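The listed protein sequences derive, respectively, from chains A and B. Position in the first sequence (first residue = 1) + 34 = my numbering. Position in the second sequence (first residue = 1) + 92 = my numbering.
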Amino acid sequence: MKQILVIAEIFAGQIRPITWELVTAARKIKNSPGLKQLSPTIQIIVPADNPALLSEKIAKQTGIDVIGLQIPELKNYTSEIYIYCLEQLIKKIDPSHVLAAHTSQGQDFAPGLALGLNAVAISGVNGIRSDENGLIYSRPVFNNTRNQMLRPASNRPVTLTLMPGTFKPDERKDGEPGRVDIRKIPFAPAVCGKEHIQHCRTVKKIFEDQTLEEAKVIIAAGRGIKEKEELKSILKFAQCFPTAAVGASRPLVDMNWLGYQHQIGITGATVAPKLYIACGISGSSQHLAGIKDAEFVVSINKNPQAPIFRHSDVCIIADIIEFIGTFLKKQEI
Amino acid sequence: MKILVCIKQVGSEGEVNRFDAHALEEALDLKDRFETQLSESVTVDVVTVGPVEAARIIKRAFGMGADTGYHIVAEDPEYVSPFVTATRLASAAKKRPYDLILTGIMSTDMMTGQTGPMLAKIMGLPCATAVIKTNLPTNDNLIEVERELENGFRDCLKIRMPAVLTIQAGINTPRYPRLSKMLAAGQKEIKTFKETDIFPEPIEEREIYIGLALPEKTRSGRVLEGSLPDKAEQLLALLKEKDLI
Ligand SMILES: Cc1cc2nc3c(=O)[nH]c(=O)nc-3n(C[C@H](O)[C@H](O)[C@H](O)COP(=O)(O)OP(=O)(O)OC[C@H]3O[C@@H](n4cnc5c(N)ncnc54)[C@H](O)[C@@H]3O)c2cc1C
Ligand SMILES: Nc1ncnc2c1ncn2[C@@H]1O[C@H](COP(=O)(O)O)[C@@H](O)[C@H]1O
Numbered sequence: 035m036k037q038i039l040v041i042a043e044i045f046a047g048q049i050r051p052i053t054w055e056l057v058t059a060a061r062k063i064k065n066s067p068g069l070k071q072l073s074p075t076i077q078i079i080v081p082a083d084n085p086a087l088l089s090e091k092i093a094k095q096t097g098i099d100v101i102g103l104q105i106p107e108l109k110n111y112t113s114e115i116y117i118y119c120l121e122q123l124i125k126k127i128d129p130s131h132v133l134a135a136h137t138s139q140g141q142d143f144a145p146g147l148a149l150g151l152n153a154v155a156i157s158g159v160n161g162i163r164s165d166e167n168g169l170i171y172s173r174p175v176f177n178n179t180r181n182q183m184l185r186p187a188s189n190r191p192v193t194l195t196l197m198p199g200t201f202k203p204d205e206r207k208d209g210e211p212g213r214v215d216i217r218k219i220p221f222a223p224a225v226c227g228k229e230h231i232q233h234c235r236t237v238k239k240i241f242e243d244q245t246l247e248e249a250k251v252i253i254a255a256g257r258g259i260k261e262k263e264e265l266k267s268i269l270k271f272a273q274c275f276p277t278a279a280v281g282a283s284r285p286l287v288d289m290n291w292l293g294y295q296h297q298i299g300i301t302g303a304t305v306a307p308k309l310y311i312a313c314g315i316s317g318s319s320q321h322l323a324g325i326k327d328a329e330f331v332v333s334i335n336k337n338p339q340a341p342i343f344r345h346s347d348v349c350i351i352a353d354i355i356e357f358i359g360t361f362l363k364k365q366e367i
Numbered sequence: 093m094k095i096l097v098c099i100k101q102v103g104s105e106g107e108v109n110r111f112d113a114h115a116l117e118e119a120l121d122l123k124d125r126f127e128t129q130l131s132e133s134v135t136v137d138v139v140t141v142g143p144v145e146a147a148r149i150i151k152r153a154f155g156m157g158a159d160t161g162y163h164i165v166a167e168d169p170e171y172v173s174p175f176v177t178a179t180r181l182a183s184a185a186k187k188r189p190y191d192l193i194l195t196g197i198m199s200t201d202m203m204t205g206q207t208g209p210m211l212a213k214i215m216g217l218p219c220a221t222a223v224i225k226t227n228l229p230t231n232d233n234l235i236e237v238e239r240e241l242e243n244g245f246r247d248c249l250k251i252r253m254p255a256v257l258t259i260q261a262g263i264n265t266p267r268y269p270r271l272s273k274m275l276a277a278g279q280k281e282i283k284t285f286k287e288t289d290i291f292p293e294p295i296e297e298r299e300i301y302i303g304l305a306l307p308e309k310t311r312s313g314r315v316l317e318g319s320l321p322d323k324a325e326q327l328l329a330l331l332k333e334k335d336l337i
């Protein structure tokens, strides 16, 4: 009987909600036509220095059996500790699938773990389906303009990192909690008893203001804005609205054209305005993650194929500067 | 100190992957900082796996200040497993005792983000992804870096070199290639290897490529038709109707 393993995402002693999405995906794999007859079981691995409480919480929430992977040295996450200890645990289990989150943490340890397990490794999975030959995984490629479909070439274990927001967490009906089994695997650094990666501290960039989070209207600029000067157009556009905040895709913030408090997306702000206007933004998964809860999305882009158009209510194919110019004239009338 | 930067050619115009330009800049910037503060010399080499034309990005890297370029020539089908790429890159990374190997956080075409961490695992080296800041290495071969997490968080780490770092945009502004360096680069030799010479047996692909599809739509995507003024007019009407303007 093969196992489907889920690696819970723990950050600063807390369970990250993506863990529930991973469980949904694991259930989908378990119930896929190819695997169903083999009746695989799901287990959730919870790595922590003291995993008992977290494990019980997860077992109760999901009704699935949990392995609390106790690593006394794991005060803070490092890829070195994760890869070393997970590899030892998982090799013994010899699972069919290992699921981790496509987050800063999962992307950091999963590829190394996959090679340690001699596994197939597919990252950024945003869809799972099956045909007569088994499971097919899709993942974004070419700046998110296409999805690439892959299947494993052999029956090695498969490690997947799943794009956040792809699978809805299952509603939990009251039921029996899963069993919790604590297993201790100390981290023993391979070389001269010293670790290679030492965690010093975690810091947080403070948002200077919260206007984006609260804004009803957000006008957001992307790399369709070619020069810093052109941002003036965006500001004028924003002034058409009673109160509108200016947002930006990451590259504009990276170039210091706008401050970090304007950045929207997975490494910036998550926003939920009534109106979001994306100006020259292509629609990467990392940007889209920040605007899922926007009520109405308008995008202006000169490329009819831009992925953002698949995630917009209204699409305007136009040069952004020309469009704003025309819009301002219309509004004056 | 010896640094190796993995650079990839992407896109229809054959440009350097955006994140790799940041990785190369960080290597050159470490060199500048190192040489001024510690007066120890630093070499920055680059390596690429790609078709014959990919030599262009190595020349560009010379123009930015890279010392030696390795080109593993491989004419690949539409899909190459990141494991295969990492295995090929490892063959170049083993040529000299590199203290640091830098890659981009991801390529903009394949977007796996796996090549760097896999290269590290193959070589038995520690790895940190999404690096957004580096400090100068200390005498005991430790380098302090910051890696970017979600929501404005960062982890500060001390890593024992040799190590692999994957570089996130926002760490620096890549310099432009200098004409004088580009001209001098004409004399620099690119060390070219045929992939079939290094790997007589093909490396096993672990995934089967099926094809491409359009991403699913999440919203209705009504396209406004007509001339530019027509489109502006329609948007204005729509926003008024919704009482947003
Ligand atoms: C770990 C990680 C985290 C990230 N976090 C974030 C994040 O939080 N937020 C974020 O935004 N990104 C993030 N990114 C970056 C992300 O992958 C994309 O690179 C980025 O979102 C692209 O920004 P863009 O759409 O402005 O630029 P591009 O992708 O370059 O798109 C520019 C668009 O403008 C259009 N255009 C060009 N000229 C014009 C014109 N004259 N008129 C109209 N349209 C025009 C083009 O057709 C194109 O669609 C992250 C990346 C990584 C790897
Ligand atoms: N063909 C290649 N040649 C050189 N470096 C590569 C190649 N493919 C990937 N890389 C490196 O690995 C990083 C991550 O790429 P990827 O795993 O494709 O997202 C890139 O930013 C490059 O630094």
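Even for Gly, the Cβ is constructed at its ideal location relative to N, Cα and C. Just so you know, these numbers come straight off a predicted model, no measurement behind them.
The DSSP assignment places complete alpha helix (DSSP H) segments of no fewer than 4 residues inside the segment 268–325 of chain B at 271–277 and 287–290, in order along the chain. For A324(B), the nearest beta carbon of chain A is closer than 8 Å to its own beta carbon.
Distances from the CB of R206(A) to the heavy atoms of ligand 1 are all 7 Å or more.
Assigned with DSSP and collapsed to three states, P174(B) falls in helix. Not one beta carbon of chain A lies nearer than 8 Å to the beta carbon of K225(B). The closest CA to that of R190(A), considering only I156(A), A222(A) and K363(A), is found on I156(A).
Proximity of the beta carbon of M198(B) to ligand 1 is indicated: a heavy atom of the ligand is located closer than 7 Å. DSSP places Q244(A) in no alpha helix (DSSP H); its state is neither H nor E. Selection N177(A), S66(A) and I98(A) evaluated against P341(A) yields N177(A) as nearest (Cα-Cα). Counting the other Cβ atoms within 10 Å of the Cβ of Q260(B) gives 16 or more, which makes it buried.
Annotation for G208(B) indicates a beta carbon within 7 Å of some heavy atom of ligand 2. Taking one beta carbon from each stretch, the segment 195–215 of chain A and the segment 313–323 of chain B have fewer than 3 pairs nearer than 8 Å; the two do not touch. For V80(A), no alpha helix (DSSP H) encloses it; the enclosing beta strand (DSSP E) starts and ends at T75 to A82. Between the beta-carbon of C274(A) and that of Q365(A) there is about 6 Å, and that keeps the pair under the 8 Å contact cut. Out of M202(B), I224(B), V138(B) and S131(B), the CA that lies nearest to the CA of E236(B) is found in I224(B). If you draw a 10 Å sphere on the C-beta of T310(B), you find fewer than 16 other C-beta atoms in it, and that means exposed.
Under the 8 Å Cβ criterion, the segment 73–88 of chain A counts as touching the segment 36–48 of chain A, having at least three qualifying pairs. Against chain B, a Cβ distance below 9 Å from K308(A) picks out K334 and L336. Contact annotation for M202(B) against chain A: V175 [CB-CB distance below 7 Å, chain order].
Taking a Cβ-Cβ threshold of 7 Å, the residues of chain A close to C219(B) are S113 and G146, in chain order. When the five nearest sequence neighbours on each side are left out, the beta carbons in the same chain lying within less than 7 Å of the beta carbon of A42(A) are those of I49, T53, I78, I79, V80 and I92, in order along the chain. When C-beta distances to chain B are compared with 9 Å, the residues of the segment 231–250 of chain A below that value are I231, Q232, H233, C234, R235, T236, V237, K238, K239, I240, F241 and K250, in chain order.
If you draw a straight line from the Cα of E296(B) to the Cα of F175(B), it comes to about 9 Å. Distances from the CB of K266(A) to the heavy atoms of ligand 2 are all 7 Å or more. One alpha carbon belongs to D137(B), the other to Y162(B), and they sit about 8 Å apart. The C-alpha of P186(A) lies about 14 Å from the C-alpha of E166(A). Against chain B, the beta carbon of N181(A) has neighbours under 9 Å at L304, A305, L306, P307 and E308, listed in chain order. For E170(B), the CB contacts under 8 Å within the same chain, skipping 5 residues up- and downstream, are Y301 in chain order. DSSP places H163(B) within a strand segment (E or B) once states are collapsed to three.
By the CB criterion at 8 Å, C98(B) and S113(A) fall outside the cutoff. Taking the Cβ atoms as the reference, I334(A) lies roughly 7 Å from I311(A), within the contact range of under 8 Å. CA-to-CA, the gap between M210(B) and L217(B) works out to about 10 Å. Per DSSP, Y118(A) is one residue of the alpha helix (DSSP H) stretching across S113 to I127. Classified as buried, Y294(A) has 16 or more neighbouring CB atoms from the shown chains inside 10 Å of its CB. In the DSSP assignment, the residues bridged to Y171(A) are I162(A) and L184(A). Distance from the C-beta of H163(B) to the nearest heavy atom of ligand 1 is not below 7 Å.
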